[in-house]
Amino acid sequence: MSAVVLQGLLDYLKSTLTKDNREWLAAHLVEPTAETRPYTKEELLARVEEAEADIAAGRFYTEEEMEAFMDNALEELKDRKAA
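What follows is the structure in structure tokens.
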């Protein structure tokens, strides 16, 4: 489905469903496909090591880059809604 069609569906649902109905729908649309479990200590330490390696290699975004990305994304959403 195209983003335009999905946005239209979302707008329709928001305008016709009550808040309670939207919450019910959201809860039933987002059902986990597998059971979740907490990370082990070893998994957490491995993630920290991976993150530190990414930072050392320059694989990260600065705060300014992320703010610009989010500002652009929000502007695109506003433009789509206005169209």
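First residue of the sequence shown: 943, per this note's numbering; consecutive thereafter.
We put the CB at the ideal spot given by N, CA and C, even for glycine.
- Counted as a single uninterrupted DSSP element, the alpha helix (DSSP H) harbouring Glu-991 occupies residues 983 to 998.
- Per DSSP, Ala-976 lies in no alpha helix (DSSP H) and is assigned neither H nor E.
- Assignment of Thr-960 by DSSP, reduced to helix, strand and coil, places it in the coil class.
- For Ala-1024, the uninterrupted alpha helix (DSSP H) run begins and ends at 1005 to 1024, by DSSP.
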